[in-house]
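Below you'll find the structure, written out as structure tokens, and then a few comments.
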Amino acid sequence: MADMKVYFDHNATTPMHPEVKKEMIAAMEMFGNPSSMHSYGREARANVEDARRKVADFIGADEREIIFVGSGSEANNTVLSLFVCGTSQCIAGSKMRSTIITTKIEHPCVLETSECLAHRGVRVKYLDVDRYGKIDLDQLAGMLGDDVGLVSVMMANNEIGTLQDIEAISAMVHASGALMHTDAVQAIGKVPVDVRKLGVDFLTISAHKIYGPKGVGALFVKKGIPYCPLIRGGHQELGRRAGTENTLGILGLGRAVEMRRFEMPEEEERMLHLKQTLRRGIEERIDDIYFNGHPTDALASTLNVSFTGVEGEAILLYLDLEGIAVSTGSACASGSLDPSHVLLATGVDAELAHGSIRFSMGRESSIQEVEYVLDVLPPIIQRIRNMSTAYIKGGLHAASR
Amino acid sequence: MLQAGEWAYSETLKEHFMNPKNILQGENTDDFDGVGMEGNLQCGDQMMVVIKVDKEKDVITDCQWKTYGCASAIASTSVLSEMVKGRTLDAAFHISPKEVALELGGLPDHKIHCSVLGDKALRAAINNYYTRNGKEDQVKQEQSKVICQCMSITDHDIEDAVLEGARTYFELQERTKCGTVCGQCKDESEALLEKFKHIHFGA
Chain A
3 MADMKVYFDH
13 NATTPMHPEV
23 KKEMIAAMEM
33 FGNPSSMHSY
43 GREARANVED
53 ARRKVADFIG
63 ADEREIIFVG
73 SGSEANNTVL
83 SLFVCGTSQC
93 IAGSKMRSTI
103 ITTKIEHPCV
113 LETSECLAHR
123 GVRVKYLDVD
133 RYGKIDLDQL
143 AGMLGDDVGL
153 VSVMMANNEI
163 GTLQDIEAIS
173 AMVHASGALM
183 HTDAVQAIGK
193 VPVDVRKLGV
203 DFLTISAHKI
213 YGPKGVGALF
223 VKKGIPYCPL
233 IRGGHQELGR
243 RAGTENTLGI
253 LGLGRAVEMR
263 RFEMPEEEER
273 MLHLKQTLRR
283 GIEERIDDIY
293 FNGHPTDALA
303 STLNVSFTGV
313 EGEAILLYLD
323 LEGIAVSTGS
333 ACASGSLDPS
343 HVLLATGVDA
353 ELAHGSIRFS
363 MGRESSIQEV
373 EYVLDVLPPI
383 IQRIRNMSTA
393 YIKGGLHAAS
403 R
Chain B
54 MLQAGEWAYS
64 ETLKEHFMNP
74 KNILQGENTD
84 DFDGVGMEGN
94 LQCGDQMMVV
104 IKVDKEKDVI
114 TDCQWKTYGC
124 ASAIASTSVL
134 SEMVKGRTLD
144 AAFHISPKEV
154 ALELGGLPDH
164 KIHCSVLGDK
174 ALRAAINNYY
184 TRNGKEDQVK
194 QEQSKVICQC
204 MSITDHDIED
214 AVLEGARTYF
224 ELQERTKCGT
234 VCGQCKDESE
244 ALLEKFKHIH
254 FGA
């Protein structure tokens, strides 16, 4: 069993689907520039547009509403940056609506862009979340007003898996006259996403979270919604994103969503079973633990747990030595000194946030892998607790006495 | 194509992480002559060092520890516990985080702060030994006051940083890591920074 390799870090990135690899390898000779009129260019163009149709179909959009970008982070930066413009030339009326609302648990690419926008004169308001990571719709109602231009709320959280009610949020946002963006990078391919049903104006997709290649994503921009490119100087993507298209990557993204379409429906139940087995096993075998995230409104593949008295990077590295890959909300692993902003926002104590581990499973994860983790994890936690100043059974801390 | 490196840190660090030496078993410290504890759980690092001392020679005969922290923190306390055995109290008192990092085969910059608590806990244990044995005169009580609770940075550390060239709060943070966690000490640190600048450099 020591040779077993378990990859439980699918929210960080996923291995490419064999079908995606096959298609990309077959397309390796396709080097034409989609903007060229000759046969090389036309071949590339046909494949890019085919991928666009697949992505559009997958989320219930029109193909003209899909812009290919370099990453989910770029898509999010693009949407938020629409509202920094000091003039109202690009985005009519944006001068009057210079407030952005987002949440405290967004991905750093949203939070740091928001901070940067705040320095450039945009007013940013942050929604709190409850202990399960859900935003409070009443708080949102209180924040909305005729000064708000954009609301950005992630559909599924990357660390704790909590899902937000985007449909209800969109309705409120539109009633107040603002635009609605959701970062669906973690939700897409795991739960059904239909842009019309959700009622969003902007939606972010990344390929490498759904068994596609890295370095490519897509941004849905609803028809008729004002838009201004982040990267200028080219007619690509109908002038909405300059730069020669990442043809191979786009092809891979197209194939990845297609495969999600086939595989997603049967997957959720299997994921839930794996997660419940993992959750129950941890509960039964390890004392003094806390699960983070919403018990039901959450991704079926994500389980986040805090262990008292142990620091997460140590758990991660001991698990790595046993062939198990996970991630942690501990500060130490990230190189910063602050533990997970998501866990802190849900009210988790800093110490418990430092001791949190995220297991995120994927299409190839098996019950054997879950069982292997359940065999390996308890002795590791016990071992770290034995050398910790912060743990004796029952959770009373040496330091607090 | 390159393969994954053997590990995130040095081989020595890995060895001390996989097989930490001299872990204090249980909670009982009664058999030891000096006990010191530094750090806090909110910041993600806490270390306790306990020592046994040959009272004739003032030499450390045993050193054990507990650490709440990451791999670098665990390994640095482990390697420290090996380093101090057989040293005189005076020599052990002057072990610096740099020496610990060196012994570990080096630490990445962002991990240095994980290793600074071990030697502080050791100094606290040595002082605790002096106090318990009626040698209060030898306690190297720097009469210092902890300003930054998160990183255990004292007014003395801030003074040292100023003497070594820190002139702005940012430079102070670069040198000491003071105020880099919760940031509550910012006002007090800035006041001290100005005070020491004035005392030493008339600024």
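The listed protein sequences correspond, in order, to chains A and B.
The working numbering applies: residue 3 is where the first sequence begins, and numbers increase by one.
The working numbering applies: residue 54 is where the second sequence begins, and numbers increase by one.
We put the beta carbon where it would ideally sit given N, CA and C, even for glycine.
Source: prediction; values computed, not measured.
Within chain A, the residues that residue i reaches when beta carbons sit closer than 7 Å
| i | result |
| --- | --- |
| B:A124 | E315, A316, L319 |
| B:A61 | L319 |
Enclosing alpha helix (DSSP H) for residue i [first to last residue]
| i | result |
| --- | --- |
| A:D132 | A:D132 -> no alpha helix (DSSP H), and no H or E assigned at all. |
| A:L221 | No alpha helix (DSSP H) contains A:L221, which is instead part of the beta strand (DSSP E) from 219-223. |
| A:M145 | 139-145 |
| B:C201 | From DSSP, B:C201 is part of no alpha helix (DSSP H) but of the beta strand (DSSP E) over 199-201. |
| A:V50 | 41-61 |
| A:K24 | 20-28 |
| A:R385 | 369-388 |
| B:M136 | 124-137 |
| A:C111 | 110-121 |
Inter-residue Cα distance where the pair is residue i and residue j
| i | j | result |
| --- | --- | --- |
| B:M100 | A:A120 | 40 Å |
| A:G295 | A:E161 | 8 Å |
| B:T207 | B:I200 | 5 Å |
| A:I359 | A:L113 | 22 Å |
| A:A53 | A:I252 | 6 Å |
| A:T246 | A:S73 | 15 Å |
| A:M389 | A:S75 | 40 Å |
| A:K23 | A:V197 | 28 Å |
| A:Q238 | A:S37 | 8 Å |
| A:L181 | A:P20 | 38 Å |
| B:L94 | B:G171 | 15 Å |
| A:R99 | A:R55 | 33 Å |
| A:H356 | B:K193 | 33 Å |
| A:I291 | A:I382 | 14 Å |
| B:D240 | B:Y222 | 10 Å |
| A:A170 | A:L280 | 32 Å |
| B:E64 | B:G159 | 10 Å |
| B:R220 | B:I252 | 13 Å |
| B:F70 | B:C235 | 28 Å |
| A:G236 | B:A126 | 51 Å |
| B:G187 | B:V103 | 18 Å |
| A:M174 | A:V150 | 12 Å |
| B:C123 | A:D64 | 49 Å |
| A:L321 | A:V378 | 8 Å |
| A:Q384 | A:E265 | 38 Å |
| B:V169 | A:R242 | 51 Å |
| A:I103 | A:M26 | 39 Å |
Beta-bridge pairing of residue i - partner residues as DSSP gives them
| i | result |
| --- | --- |
| B:C238 | Partner(s): none; B:C238 has no beta bridge. |
| A:N294 | A:N306 |
| A:A8 | One detail in the question is off: residue 8 of chain A reads as Val in this sequence, not Ala. The partner list for A:V8 (beta bridge, DSSP) reads A:I326. |
| A:K127 | A:I103 |
| A:A300 | A:T164 |
| A:I68 | A:F222 |
| B:W60 | Its beta-bridge partners do not exist; DSSP assigns none. |
| A:L414 | A query on residue 414 of chain A cannot be resolved here, the shown segment of chain A reaching from 3 to 403 and no further. |
| B:I76 | B:W118 |
| A:I190 | A:V193 |
| A:A158 | A:L165 |
| B:I206 | B:C201 |
Residue range of the unbroken beta strand (DSSP E) whose run includes residue i
| i | result |
| --- | --- |
| B:G92 | 87-93 |
| A:L205 | 204-208 |
| A:G151 | 150-154 |
| B:V103 | 98-107 |
| B:T120 | 112-121 |
| A:I2 | A question about residue 2 of chain A goes unanswered here, because the residues of chain A that appear run from 3 up to 403. |
| A:S362 | 358-362 |
Listed by chain order, chain B residues near residue i by CB distance under 8 Å
| i | result |
| --- | --- |
| A:H356 | L94, G97 |
| A:N388 | I76, Q78 |
| A:G311 | Y121 |
| A:S308 | Those do not exist, as A:S308 stays about 13 Å from chain B at its closest Cβ, beyond 8 Å. |
| A:L323 | M71 |
Under 7 Å from the C-beta of residue i: neighbouring residues of chain B
| i | result |
| --- | --- |
| A:A58 | What A:A58 touches in chain B: nothing, since even the nearest Cβ is about 35 Å away. |
Beta-carbon neighbours of residue i, restricted to chain A and to distances below 8 Å
| i | result |
| --- | --- |
| B:C231 | Within chain A, no residue comes near B:C231; the closest Cβ sits about 12 Å away, beyond 8 Å. |
| B:C167 | C334 |
Residue i: contacting residues in chain E (beta-carbon distance under 9 Å)
| i | result |
| --- | --- |
| A:S332 | You won't find chain E in this structure, because its protein chains are A and B. |
Notebook entry, point to check: Mind listing which residues of the region 105-131 of chain B have their C-beta closer than 7 Å to chain A's C-betas, in chain order?
Noted result: K119, T120, Y121, G122, C123, A124, I127
Check: Which residues, taken in chain order from the region 342-355 of chain A, show a beta carbon closer than 7 Å to some beta carbon of chain B?
Finding: A352, E353
Margin query: To be precise: take each residue of the region 199-226 of chain A, compare its Cβ to all Cβ atoms of chain B, and keep it if any distance is under 9 Å. Which residues remain?
Written below: none
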